[in-house]
């Protein structure tokens, strides 16, 4: 009578068909159309940043540095799809080359913020008491820090170069992130799962990395996706102060800064790089949102 | 638009569209008369930056002169065409036969803003005060300690260590006032250019009693204590916003038509331009990028005022280092710059190309002397290769101040050098004061510097290229040049003096002490209802700001 | 027999996810009489929690009640407008949840959260509500109730928080209290106290209780009737003693056989049900339990059996029924005997 | 049993036990935090002094015509810059203790304190108004976007906040000027338009305040939306619904009280930055604020002004952060300070 039941031995109990956190997250991320759209744009951007020099050598796009002063501030044309700047250089190729510097700055600076800001925020929030107090007073000092003066000294001592920018921006901007994370950790710390983990005897670093960090992921991702344009603007202000990349290499920040002078007469000088920046920022926020929803453990149930 | 239409425009209300303008104008009356003056005679101008000080003795910047020239009046004042220095507070003056003693006769009706008469003693006190090391007056050197008898050792008087010696030093100066209406100056050497020193707005008189009462550094900080002798006086000072001037009722030269001048301190070009469009400013310096926009705008193009300035820019080569220790290399670099492209395309035709030193508008102007630095890319490259070998091995540190205009010109010049000569140029764009420090320490190869005339006399220009001058950093030194200039400075005969200066200019250009580039001109927009504007080649921040007294506001 | 307090008729609740439609509750009907305690039992994913949520119209996105009626004192909850549902929730029917740790607002005082439940329904004036808080806390046996009312949730232990939840649930003297796995997150000793408390409240306040759990022992100690759910539908229903005595649906039988016996020394082979609960998007044809049923016959795989009367007010949904399965196939031990002893034990522990 | 609740935080090494009452411990905490301001200020002054020492260029370097060596020597003597570094540093510290912040090099010996008192009010006024807009619109739109997730409201808020966040302040500023003053003036024939710039307590405030708050509103809206979405998923929200509370009550009492915690921690720094002035907005709108004064002071090496503004900034920032920390305890009872 008994049907041919699947015998117990055939089912492999040791590694049941378990979907890893990341593969599952990727599957859910893939189903979110705008997040994927954002990811595609960012990949295009990275591709453009890598291939731009190649495109110039095969004359697909004009050389961003070639000046042609008889055609300054030209409008959209076949030869210059996005027009030319104050020295007659092709805006399209400058925007594409600008991506290289701006992306690099945006991403590296965020990494610096996360490392410094993250560590300070997490440690201060988790340990509380004297450690928190000391770290936060240190943050207070850093906040009031005359960043402008510091920039000038950095340039004077290190000379204007890309590395100087990272030192300058990185050292100045991590404070906001550290306070944000500290705030989160302070409230998360009391949550039951942390007390449970502490009761289970896991050390502070394990608790911080395994429990606190993932839970502060939401606000961190938002702040990072906002951080990228802020880092790029800061680069523009720094270039204005002379700490930026030495000319003539283009970056979006510099192009916006220079374009500002001609905003009455030739608004496209500012709007072209600003639009590029806006779309980049939009895609990073969509990726950020998609990532946060995909990773959130609760969504897996 | 022929001329007649433009003239009619004066009468119309700045209506919305030009068409409406023309209709109104058609039935307007003839040339402007006092009857159609606006009720509110207020002139609103932009001096860009807040003056650091309005104490004549301590002024140095152009945005301070823009106010100083209206509120403080020196012995003499430049004529609009800069041909001579006309009488001002001094009705007349005479120079002794040996050229060493200048006697100025003060007008009897010259009065201070508080009604007191201006006396010779006020001038003695003012000039002694400038030469007092403790005040550290910016323009003391070279204008006063280089000319006035007894002032030579101003440079080695330390204000703290030699404080005791200062009173004797000041009394020993060749300055005296035999009576209330006379002011006598003794010079170290005959100086034909001294009339221009007497017309600098910093050499205006200062009241000893006011300085003693309010304090040497305090008296010029508020309208109540700022007693001045110009046609106007300060009525309101709002930090980083504006300074308001009203007529000095006791001025000897009669009441001006404009009863109120508001000097705004707007640093952002776009903000100033927007204010002009909104009728909140009567005149504005056209931002470089808007040049063509303004030239093609039917309404604005008639409000353009184009005035050449006695300001010229050049490439300052650091002659202490290769490749610029070689004259041929310097000439090659100068010949590699297409000045026409720079002036017409990059600077939108607002500046004129110049491969010579003395700017147009001064009697030392010799354009034909510039042949040796004339633009010729091919010749430049061969010249450089002969002089120093393979150009691609040369790397130049090009110092640029981080001001947008400097940056844009710097990028053009760097590109010209790299394309025409094949050299490598590092553009070092950094903070302004850091640039000055590196220039002083000679830590650079190339820098674009320039000079604006303090007064329209060649002497003010030629001394900056003399050996050891503090105003050019390249370390250019040519004994023949120095000798010629020293001789010219004291030469009484004008013709011979000019000839000596011409020879000096030729040596300078052929030596390529500097790679001369372009002369700057002002391009301003001025509202049509601003009448009686008197532009000069030595204006400070606004076209015509030496002679605001001659302006009147038409109905609008 | 008075009219039943709650009548659920052919309730269907589905989730419209990108993977397809999840038939969480696939057409169930049952009644709950006034003051009765009913246990709804089943593995996780059987639809028992979603049934509770549907009764209170708390189905989260992207779920929706697709069809069926929920009559509470002859008012159909499914058709109620938002205001009426709001008035209904917490007032006529109250619910307490599984995880006490996260079910209370961490930043508001416990007393305020209970007071809020009452003022939301205007059954009590502000003053009356204020006065009831402390007695309510005492009723659920929370020590120093007055002081604890001012404390925050993180200052309460797990058990205490669950008691606060129950106090909150009872604050409006609801006629039906739904407890969704109230003790799962607590350890055994506290479990017994909570069950004891529920039983005592049922007696004193007279509120009907629906206990949702996967733990047969709890059902035995508290409930008068059991409903067994599997894959979104009812597979067996009936009085506790009868079900424990002779479970007819193979799933109910194996559930009872998976309860370990504490007192019996003999080594006993526990029966665990092989395989995993079915995927509610692609349900198998026929009886939904057939892939995991050892006694199935060919018909089970083709056609789903109806609920059939197997004993006085006991029904089961099975073509075979356990009574028709010969002894040796069921193995030696009798399913019913094991679980009754475990149940009695619990009773003693509870009253201790 | 669960872990003993409220275990004392590790490292609470305060010698005497703070009395249990919340009020007393908070008052003490505030006093201690304010006392901490003194070492913070000491560090800030020292670091700034060292930086000034290393910063290239002197207050007397000029762009065009240079001052002669003699004049520079006299100026240094007048302002005591020729003294050794330690002497200047010591003298400055002594003066600061007596609240004498010295004379500005730049504005002909006007005392720095009066310059700051004159230039801070415009900055503070605009900063405060912008902060109010940020709190109202930032949090408001963030919550609405979260409650109406994936509807057209949500997309507008996300879209606007991204555009707002990716256009620099000066571009936003000048575009507003072009639209609301220049074009409006031309279109209405000059009888209605917002002023292009300057500072006055009237419609002069509109454009600068809007420009200043666009970026922070975008950021706060995104942050509020993210944290509100987090909170909406929590179990206690479901309990609130199950209790039969009205939506307004669920949102204000349960959702907002929890979702505002990260927002408050972000508002702290935003407030501090707004109050200390934005050089960009102040130069675009020609506002005589302290933000611009500080940048001018740094580029012209006006040492007393730099030091005084930095001290002001650090006091303001420290107080802002203190207020934020206190707010934490109000919003989140689980957080214990000190």
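Protein chains in written order, with the numbering used here: chain A, 1 to 301; chain B, 1001 to 1556; chain C, 2001 to 2352; chain D, 3001 to 3338. Just so it is clear, CB atoms sit at the ideal spot from N, CA and C, and this is done for glycine as well. Remember, predicted model here, so these are calculated numbers, not experimental data.
Query                                                                                                                       : Result
Nearest neighbour of residue 2026/C, chosen from 2009/C, 2034/C and 2036/C [CA to CA]                                       : 2009/C
Beta-ladder partner(s) of residue 1117/B, from DSSP                                                                         : 1111/B
Coarse secondary structure for residue 2010/C, derived from DSSP in three states                                            : strand
Segment contact, 8 Å Cβ cut-off, at least three pairs: the region 3187-3207 of chain D with the region 3276-3286 of chain D : yes
CB contact check: residue 2086/C to chain D, cutoff 8 Å                                                                     : yes
Expected contact under 8 Å - CB spacing of residue 303/A and residue 172/A to nearest Å                                     : Because chain A spans 1 through 301 in this model, residue 303/A falls outside it and cannot be assessed.
Residue interval of the alpha helix (DSSP H) (run including residue 2328/C)                                                 : 2327-2330
Residues of the region 273-287 of chain A whose Cβ lies closer than 9 Å to any Cβ of chain B, in chain order                : none
Beta-bridge pairing of residue 90/A - partner residues as DSSP gives them                                                   : 84/A
For residue 2046/C, the nearest candidate out of 2066/C, 2024/C, 2039/C and 2038/C (CA to CA)                               : 2024/C
Inter-residue spacing [alpha-carbon to alpha-carbon] between residue 2266/C and residue 2297/C                              : Caution is warranted here: a pLDDT of 48 is assigned to residue 2266/C, below 50, making its placement in the model unreliable, and the coordinate value is therefore given only provisionally. Those two C-alpha atoms are separated by around 33 Å.
At least three beta-carbon pairs within less than 8 Å, the region 95-112 of chain A to the region 287-296 of chain A        : no
Under 7 Å from the C-beta of residue 3332/D: neighbouring residues of chain A                                               : 187
Span separating the alpha-carbon of residue 96/A from that of residue 1291/B                                                : 28 Å
Backbone CA spacing between residue 1131/B and residue 3065/D [nearest angstrom]                                            : 19 Å
DSSP state of residue 2087/C mapped onto helix, strand, coil                                                                : helix
For residue 1065/B and residue 1549/B, the rounded distance between their alpha carbons                                     : 15 Å
Exposure of residue 2324/C, with buried meaning 16 or more beta-carbon neighbours within 10 Å                               : exposed
Meets three-Cβ-pair contact criterion under 8 Å: the region 1493-1505 of chain B and the region 1400-1409 of chain B        : no
Entirely enclosed beta strand (DSSP E) segments - the region 1458-1537 of chain B, minimum 3 residues                       : 1514-1526
Residue 2318/C burial status per 10 Å Cβ neighbour count (16 or more: buried)                                               : buried
Alpha-carbon spacing of residue 1062/B relative to residue 1541/B, whole angstroms                                          : 6 Å
Listed by chain order, chain B residues near residue 3068/D by CB distance under 8 Å                                        : 1140, 1141, 1142, 1155 and 1470
Three-state secondary structure (DSSP) of residue 2030/C                                                                    : strand
For residue 1481/B, the nearest candidate out of 1471/B, 1462/B and 1492/B (CA to CA)                                       : 1462/B
Beta-carbon proximity of residue 263/A to residue 39/A, cut-off 8 Å                                                         : no
Neighbourhood of residue 2286/C by C-beta, 6 Å cutoff - its chain only, sequence neighbours within 5 removed                : 2300, 2301, 2302, 2303 and 2304
Close beta carbons around residue 76/A, own chain, < 6 Å, minus the five adjacent residues each side                        : 83
Neighbour flag for residue 197/A against chain D, beta carbons, 8 Å                                                         : no
Residues from the region 3230-3247 of chain D in contact with chain C, defined by Cβ distance under 8 Å                     : 3234, 3235, 3236, 3238, 3239, 3240, 3241, 3242, 3243, 3244, 3245 and 3246
Residue 253/A to residue 235/A span [Cα, whole Å]                                                                           : 6 Å
CB contact check: residue 2013/C to chain D, cutoff 8 Å                                                                     : no
Assigned exposure category for residue 3046/D - 16 Cβ within 10 Å defines buried                                            : exposed
Start and end residues, beta strand (DSSP E) containing residue 1041/B                                                      : No beta strand (DSSP E) holds residue 1041/B; DSSP gives it neither H nor E.
Chain-ordered residues of the region 173-184 of chain A with a beta carbon less than 9 Å from chain D                       : 175, 176, 179, 180, 181, 182, 183 and 184
Outcome for residue 285/A when other beta-carbon atoms lying within 10 angstroms are tallied against a minimum of 16        : buried
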